Amino acid sequence: MPASVSLFASPNSWIESDAVAQCHQVAAFDGMRHVAGMPDLHPGKGAPIGAAMLSSLLYPFLVGSDIGCGIAVFPITIKKPVPERLAARFPDLDVPIDPDGEDVPGGWAEGLGTVGRGNHFVELARVDSIVDAAHAERLGLAEGALVLIVHSGSRGHGERILRAHTEVHGAGPALEPAAYLAAHDDAVRWGSLNRRLLAERVALALNAEPTEPVIDQCHNLVEVRDGAYLHRKGAAPGDGRDVLIAGTRGTPSYVVAAHAGADAGWSVAHGAGRKMSRADALRRGKAKHTVEELRRTPVGSIVVCGDRQLLFEEAPTAYKRIEQVIGDLTGHGLATPVAVTVPVVTYKTAEHDRRRARA
């Protein structure tokens, strides 16, 4: 008998039928007990993104290749935050750094300190408003303050771990869960280290002091819970955690206090969630926007992105309304907003031609 499926989205939310179908497909897996779809739910490669899936068997395929991907928030102090000047000073985060004695989990140094592609980013943002003053104060967040938001994961490390499993077992369960979990845990630690190094690189480039994160939550991982395996794919831990739920490079993001229970897989959304495939976003975007239009967002922020295709694929219009996602979470009692941030500079990938021109 298939597992139960719960969807935490209102009738007004944009949820593709393919994503719901994937939830029911996963619910039919051997050992599956419950599937919870978040309001940012959208179709993935064979499994839904924006879901928490509880099973008596461990399925590496459900976590995917970017094990340890997550979002961290770092306070940063900059005296005169002029977006154009700051954008020009962002370092090239496609070039890895030398570990230089750093204790790298799993010994995997390749790609260390790089942000990656897809929806990954490093963003200088401003705290636009405070919703829960007492909670925001505990986090050290004040209206008008600046933060670095880093969304990245384990890069090639997690991909290597997944491939080692799928080449033998495909989408089937892990026959030796302990061995997978040992490698998985290294990748989760690697992702957290990578976010810290990215924030440090940017802070130093902006003549600011590096800081420790006030939030760092992974949303691609598996957790052993009450003897079962809780798989999160694009779903952040929601059991008493503080989480930043990312909007887009042209819309706000929300810091929330998450308090989700078992029916929601102890999880909350991790972002706005795609409403267009990358191919659709590219096709529609080219018909409506120029590259230069996409480098300056509706909120006045600047996008650093030397990959023109990525500019269109990751356009704000390719994503759901973040306000709807947050409204669904609060409406279902899964989270309470604490603060709202807006982008100042969002880094996707280096603009080498522009850097040469400035030099």
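Position one of the sequence shown corresponds to residue 64 (the numbering used here), numbered consecutively onward. The beta carbon of each residue, even a glycine, is placed where N, CA and C say it ideally should be. None of these values were measured; they are calculated from a predicted model.
Top-ranked residue by Cα proximity to residue i, from the options
i: Met108; options: Thr404, Arg341, Lys411, Thr399; result: The amino acid occupying residue 108 in the given sequence is Lys; Met does not appear at that position. Comparing Cα positions, the closest option is Arg341.
i: Arg337; options: Pro379, Leu357, Val354, Asp370; result: Pro379
i: Ile308; options: Ser67, His214, Cys368, Gly233; result: His214
i: His247; options: Trp329, Pro273, Asn283; result: Asn283
i: Arg46; options: Ala197, Trp171, Arg252, Pro146; result: The structure shown has nothing for residue 46, since the chain only spans 64 to 422.
i: Arg180; options: Glu386, Ile78, Leu373, Met64; result: Leu373
i: Asp81; options: Gly100, Val287, Asn270, Thr229; result: Gly100
i: Val318; options: Glu263, Arg264, Gly328, Gly301; result: Gly301
i: Ala198; options: Ile278, Pro144, Ile134; result: Per the sequence presented here, residue 198 reads as His, with Ala not at that position. Looking at the Cα atoms, Ile278 is the closest of the given residues.
i: Asp391; options: Val407, Ala335, Ala266, Thr229; result: Ala335
i: Ala271; options: Lys143, His97, Ile78; result: Lys143
i: Gly94; options: Ser118, Trp77, Arg371; result: Ser118
i: Phe184; options: Ala196, Asp195, Ile134; result: Ile134
i: Ala150; options: Thr393, Gly369, Glu377, Val403; result: Gly369
i: Ile224; options: Leu204, Asp249, Ile212; result: Asp249
Local Cβ density within 10 Å of residue i, reported as buried at 16 or more and exposed below that
i: Arg312; result: buried
i: Pro111; result: buried
i: Asn182; result: buried
i: Met339; result: buried
i: His415; result: exposed
i: Ala420; result: Summary for Ala420: the model assigns pLDDT 37, below 50, so the residue's position carries little reliability; its value from the coordinates is reported in the next sentence. Under this definition Ala420 is an exposed residue.
i: Ser255; result: buried
i: Met116; result: buried
i: Ala422; result: In this predicted model, Ala422 has a pLDDT of only 35, less than 50, meaning its place in the structure is not dependable; the value taken from the coordinates is given anyway. With fewer than 16 Cβ atoms within 10 Å of its Cβ, Ala422 is classed as exposed.
i: Arg418; result: Bear in mind that the predicted position of Arg418 carries a pLDDT of just 45, short of 50, making it too unreliable to give a figure here.
Cβ-heavy atom distance, residue i to the ligand FMN, below 7 Å
i: Asp81; result: For the ligand FMN, the structure offers nothing, since it holds no ligand at all.
Secondary structure of residue i, DSSP reduced to three states
i: Ser67; result: strand
i: Tyr122; result: coil
i: Gly100; result: strand
i: Val145; result: coil
i: Arg419; result: In this predicted model, Arg419 has a pLDDT of only 35, less than 50, meaning its place in the structure is not dependable; the value taken from the coordinates is given anyway. In the structure shown, Arg419 sits in a helix (DSSP, three-state: H, G or I).
i: Asn270; result: coil
i: Ser80; result: helix
i: Lys351; result: helix
i: Phe153; result: coil
i: Leu374; result: helix
i: Pro406; result: strand
i: His333; result: coil
i: Ala309; result: strand
i: Glu230; result: helix
Bridge-paired residues (DSSP) for residue i
i: Phe137; result: Leu211
i: Asp302; result: His322
i: Leu204; result: DSSP lists no partner for Leu204.
i: Ala490; result: One cannot answer for residue 490 here, as it falls past the ends of the chain, which runs 64 to 422.
i: Thr412; result: Cys368
i: Phe184; result: His214
i: Leu256; result: Bridge partners of Leu256: none, in fact.
Residue-level contact to chain C via CB, residue i, 8 Å cutoff
i: Val318; result: Going by chain labels, chain C is absent from the structure shown, which holds only one protein chain.
* **Cβ pair count under 8 Å reaching 3, the segment 77-85 against the segment 247-260** => no
* How about the segment 134-142 and the segment 205-214: do they share at least three Cβ pairs that are nearer than 8 Å? -> yes
* Given 8 Å as the limit, is there contact between the segment 386-396 and the segment 73-83, that is, 3 or more CB pairs closer than that? -> yes
* Between the segment 345-359 and the segment 387-407, are three or more C-beta pairs nearer than 8 Å? -> no
* With a cut-off of 8 Å, do at least 3 Cβ pairs link the segment 292-305 to the segment 117-133? -> yes
* Asked: Taking contact to mean at least 3 C-beta pairs separated by less than 8 Å, is the segment 232-243 in contact with the segment 144-159?
  -> no
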